[in-house]
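**Q** Have a look at this one.
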Amino acid sequence: MDGLLQRAQAWHLLACLLLTTASGTYIRSAISTQPTGSLDQRTHAPALGLPPWLLLADGVGRVAWGAACDAYGFDQPLLLAAFAQCASLWASSIAAAGTNAAALASAAFTVAHGANAAIYPVAVAAMFGSAHAGANFNVMWTGYSIAALFVALFLAGRGGDAAARQWACVLQTLGLACTAALVLGLDASQQGHVSAAAAGGQEQRWSGGRGAKLLLSDGDCAGDGKGRYMKVWGSGGWLGTGALEVTWGRRLSKAEAAPPYMLA
């Protein structure tokens, strides 16, 4: 596990995982027992505890959030997913049960909740390396499973579904704040970006997104070989490996960019 549990950021990431997903585990169970006749006439999937349309929403969420990670790195999708879970859960707590508004808010929450299974494995690998990513992620997910039980028991003892949902909203709000603090504290290397090769190389590697480390000067343009071109601004200091730390700027058209480097 490469000393995962000795790192403060690992515990911070675990706290984000607990606050944004553990309450969701309870809420999704509560959703499955509520009348949502406006959409599915109480049709349930008893073995899985969710109506079929919510299972579909969860699957759509996992695929969509995974694609977002591939395109933009994990940090921005992670923060957006935490916000979406928080906003949709508050909306579902306000909407009257059994209405289209409640059903749509529940679906939105389930789509957002699907992000956790898609994003957190990427986050663990990006922040702590891929050498032990499988073990590291499962250690974190086991901790989540244990804590989720206690969160579910805590919410179940709050005095009914309505009160439990309000408490879950509070936990989700704390989870959003915790996630924002985590994302703001990440450096470029923890956002899933790879370092540049030694100075002088014409072919560089880029994983997509901001904070990449490339051998480019302020004002240079670059492309990733997939039709995406970026303007670079704000050159940083030399890193000792011959690479210059820079930040990706706005997207450019192919004609506008004319990149001096073709990125792998």
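Numbering (mature numbering (1 follows the signal peptide of the UniProt record, and there is no 0)), first residue to last: -24 to -1, 1 to 240. We put the CB at the ideal spot given by N, CA and C, even for glycine.
1) For I122 versus F50, is the C-beta distance shorter than 8 angstroms?
2) Comparing alpha-carbon positions, which option in A63, C154 and L131 lies nearest W143?
3) Considering only the alpha carbon of each residue, which of A(-10), R141, V87 and N114 lies closest to A60?
4) Could you give the distance in angstroms between the alpha-carbon of G145 and the alpha-carbon of Q52?
5) Which same chain residues, not among the five before or five after T(-5), have their C-beta less than 7 angstroms away from its C-beta?
6) Please report the residue range of the alpha helix (DSSP H) in which A44 lies.
7) From what residue to what residue does the alpha helix (DSSP H) around Q(-16) run?
8) Would you mind sorting A(-18) into buried or exposed? The rule is 16 or more other CB atoms within 10 Å of its CB.
9) Tell me the rounded alpha-carbon separation between A40 and L65.
10) Beta carbon of A99, beta carbon of L(-11): below 8 angstroms?
11) Within this structure, are the beta carbons of A(-3) and V127 separated by less than 8 angstroms?
**A** Well, looking at it:
1) Position 146 of the sequence shown, counted from the first residue, corresponds to residue 122. Position 74 of the sequence shown, counted from the first residue, corresponds to residue 50. No, the pair does not count as a contact, with Cβ atoms beyond the cut-off.
2) Against the sequence shown, residue 143 aligns to sequence position 167. With distances taken between Cα atoms, W143 lies closest to L131.
3) Within the sequence shown, numbered from 1, the residue matching residue 60 stands at position 84. When each option's Cα is compared against that of A60, the closest is V87.
4) Position 169 of the sequence shown, counting from 1, holds the residue named residue 145. Position 76 of the sequence shown, counting from 1, holds the residue named residue 52. Reading off the sequence, residue 145 comes out as Cys, not Gly. One C-alpha to the other measures close to 22 angstroms.
5) For the purposes of this step, residue -5 is taken as the residue at position 20 of the sequence shown. Only A58, Q61, N92, Q148, G151 and T155 meet the Cβ criterion.
6) For the purposes of this step, residue 44 is identified with residue 68 of the sequence shown, where counting begins at 1. Segment P28 to Y48, the alpha helix (DSSP H) holding A44.
7) Here residue -16 corresponds to residue number 9 of the sequence shown, with the count starting at 1. Counting along the chain, the alpha helix (DSSP H) containing Q(-16) begins and ends at A(-17) to L(-8).
8) The residue you call residue -18 lines up with position 7 of the sequence shown. For the record, residue -18 in the displayed sequence is Arg; it is not Ala. So R(-18) counts as exposed.
9) As a working mapping, residue 40 is identified with position 64 in the sequence shown. As a working mapping, residue 65 is identified with position 89 in the sequence shown. Rounded to the nearest angstrom, the two C-alpha atoms are 19 angstroms apart.
10) Position 123 of the sequence shown, counting from 1, holds the residue named residue 99. Position 14 of the sequence shown, counting from 1, holds the residue named residue -11. No, the pair does not count as a contact, with Cβ atoms beyond the cut-off.
11) Here residue -3 refers to the residue found at position 22 when the sequence shown is read from its first residue. Here residue 127 refers to the residue found at position 151 when the sequence shown is read from its first residue. Yes; because the gap between Cβ atoms is below 8 angstroms, this pair is in contact.
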